[in-house]
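If you use the numbering used here, the sequence shown corresponds to residues 2 to 398, in order. We put the beta carbon where it would ideally sit given N, CA and C, even for glycine. Predicted model, so just to flag it, every value in this text is computed and none were measured. First up is the structure itself, then whatever we jot down about it.
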Amino acid sequence: MRAVDAVQLWLGALRGHRSRSLMLLLAVGIGVLAVVLLTGLGEGARAFVVQEFASLGRNTLIVLPGRNETTGGMPPITGLSPRELTAGDARAIARLPQVRRVAPQQAGQLQVSAGNRSREVLVLGTSRDFFAIRQLRVAQGQALPRLAYGEAEAVCVIGAGLRRELFGSAPALGQWLRAGDRRLRVIGILAPRGESIGMDFNEMLIMPLANAQTLFNREGLLRAFVEIRGPSFLASSRAQILATLRDRHGGEEDVTLVSQGSLLGAFDDILATLTLALAGVAAISLLVAGILVMNVTWISVSQRTAEIGLLKAIGATAGQVRLLFLGEAALLALGGALAGLLLGEALLWGARLLLQLPLYAPWWARLGALALALASALLFAWLPASRGAAMAPVAAL
């Protein structure tokens with residue numbers, strides 16, 4: 002049997018049973034579509050997290066009050082501390098030779114109002130160095146003035162979204178607003194940026210650290226961002242910071258130092274595992290589609306016994322008869338898989354435009370979905386195809 006004849010027989014059989022063929026195409030297509038979409042979402046979340054943590058910079062350490070003794074996994078984000086992290090601790094860290102900048106922080110939710118408009122927002126108390134460490138750009142006005150950590154000044158910088166909510170189309174620079182029971186003058190407006198590592202800079206108000214400590218009645222710090230002079234100093238700076246704080250805290254190491262690398266590595270591992278799990282769940286649908294292929298192939302063999310007998314009577318071998326049914330299954334699997342792949346890519350493309358997220362299915366998921374669809378179709382069609390190939394010509398006729 003020539004290859005052209007085999008292809009004509011496959012296409013003829015598929016055209017002769019259009020509803021059955023469309024059902025198989027749909028089953029395989031949905032399976033591949035599920036793999037592409039779920040892995041695309043998983044990889045998109047992973048890429049988004051990597052991009053967000055990249056904004057911290059490779060030379061940044063986060064100092065958190067409290068220490069949990071754990072082994073492996075991601076360092077603790079919060080903890081119970083017998084001694085608070087203070088502005089004095091931040092000053093001591095800033096004096097270390099390998100430290101370039103330190104941005105202590107205190108934060109909380111406050112009611113902010115201007116005129117007859119008000120809303121509750123995240124208020125962050127910090128220093129001018131925070132703008133450089135977090136790569137914040139001021140679209141209008143200026144950043145916070147350079148003040149000592151204990152020095153207060155009635156000024157603030159607000160996000161673009163908060164400026165629009167409080168002042169509408171009116172100018173905001175130089176205007177006064179009320180945060181809690183304090184009046185602050187707006188000296189800067191951040192460039193639109195959006196949410197980053199749990200902070201929505203569009204809806205944030207940033208004030209000097211001393212103002213925030215007074216407003217929230219807290220002397221301690223929520224955390225401190227420390228920028229090191231270079232990646233090569235990261236390990237030695239970490240040791241120096243821990244030693245400095247240990248001396249200041251009575252010999253007790255009661256803080257946690259988190260680097261961009263440790264956070265990124267932990268989240269990267271978690272999200273990579275999640276992507277694989279999603280791919281595994283979606284692949285089950287391809288196995289279900291393979292079982293459907295087997296059932297349909299059984300029916301096809303039962304309905305086409307006369308055709309099998311005629312082919313064998315004119316000289317077709319058992320292998321050629323088996324190839325007839327396997328080829329049909331493979332053609333359906335490839336057609337459905339390609340349709341599902343194209344639809345999945347189209348949906349991810351649309352989601353990228355709407356959500357502005359890096360939603361891309363990994364190459365291994367695309368190839369794996371195609372290979373699994375073909376393999377499951379051939380595997381499950383092999384048994385009924387072999388049964389048809391083993392029929393005696395006379396009995397089949």
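- prompt: So who's on the other strand from SER92, going by DSSP bridges?
  reply: Correcting the residue type first, residue 92 is Arg in the shown sequence and not Ser. In the DSSP output, where bridge partners are listed per residue, ARG92 has none listed.
field: Collapsed DSSP secondary structure at LEU206 in the structure displayed
entry: strand
- prompt: Can you list, in chain order, the residues of its chain whose CB lies under 7 Å from that of GLN143, leaving out five sequence neighbours each side?
  reply: ILE188 and GLY189
field: Inter-stretch contact at 8 Å, needing at least 3 Cβ pairs: the segment 142-157 / the segment 204-217
entry: yes
C-alpha gap between ALA35 and ALA376, whole angstroms: 17 Å
- prompt: Hey, LEU178 and LEU111: beta-carbon distance below 8 Å or not?
  reply: no
- request: Reducing DSSP to helix, strand and coil, say where PRO66 ends up.
  value: strand
field: For GLU329, three-class secondary structure by DSSP
entry: helix
- prompt: From what residue to what residue does the beta strand (DSSP E) around ALA108 run?
  reply: 100-115
query: Smallest Cα separation from GLN214: which of VAL124, ALA140 and PHE132?
result: VAL124
- request: Using only alpha-carbon positions, find the residue among ASN117, ARG164 and LEU288 that is nearest to ALA140.
  value: ARG164
task: List the endpoints of the continuous beta strand (DSSP E) containing THR127.
output: 118-127
field: CA nearest to the CA of LEU167, picked from PHE132, PRO193, ASN117 and MET200
entry: ASN117
message: Just verifying my parser: in three-state terms, what is the DSSP assignment at PHE381?
response: helix
- prompt: For GLU220, which of helix, strand or coil comes out of DSSP?
  reply: coil
- request: Spell out a yes or no on whether the segment 37-49 and the segment 237-248 are touching, meaning 3 or more CB-CB pairs, one atom from each, closer than 8 Å.
  value: no
field: Bridge-paired residues (DSSP) for TRP177
entry: ARG186
message: Using CA atoms only, rank isn't needed, just tell me which of SER260, ALA91, GLN176 and ALA372 is closest to LEU288.
response: ALA372
task: Within the same chain, show all residues whose beta-carbon is closer than 6 Å to that of PHE131, passing over the 5 residues directly before and after it, in chain order.
output: ALA104
field: Alpha carbon of PRO193 to alpha carbon of ASN203, nearest angstrom
entry: 6 Å
field: Exposure of GLY74, with buried meaning 16 or more beta-carbon neighbours within 10 Å
entry: In this prediction, GLY74 scores a pLDDT of 49, lower than 50, which makes its location untrustworthy; no coordinate-derived value is stated.
field: Touching by the beta-carbon criterion (3+ pairs, under 8 Å), the segment 325-337 and the segment 277-285
entry: no
- request: Quick one: measure Cβ to Cβ for GLU228 and THR87, integer angstroms, because I've assumed they're closer than 8 Å.
  value: Contact flag wrong, Cβ pair sits at about 19 Å.
- prompt: Is the beta carbon of GLY169 sitting closer than 8 Å to the one on ARG186?
  reply: no
- prompt: What residue does the alpha helix (DSSP H) around LEU137 start on, and which one ends it?
  reply: Per DSSP, LEU137 belongs to no alpha helix (DSSP H) and is neither H nor E.
task: Tell me LEU191's beta-bridge partners as DSSP assigns them.
output: VAL139
task: Report the rounded CA-to-CA distance for ARG92 versus ARG239, giving the unit in angstroms.
output: 16 Å
- prompt: Would ALA334 pass as a contact of ALA378 if the rule is Cβ separation under 8 Å?
  reply: yes
- prompt: With distances taken from CA atoms, which of GLY41, ALA133 and ARG84 is nearest GLY252?
  reply: ARG84
query: Going straight from the alpha carbon of ALA366 to that of GLY43, what length do you get?
result: 11 Å
field: Where GLU228 sits in the DSSP three-state scheme
entry: strand
Burial state of VAL282 (16 or more Cβ within 10 Å): exposed
query: Between VAL29 and GLY337, is the Cβ-Cβ spacing less than 8 Å?
result: yes
field: Simplified DSSP assignment, three categories, for SER260
entry: strand
field: As assigned by DSSP and simplified to three states, the class of THR61
entry: strand
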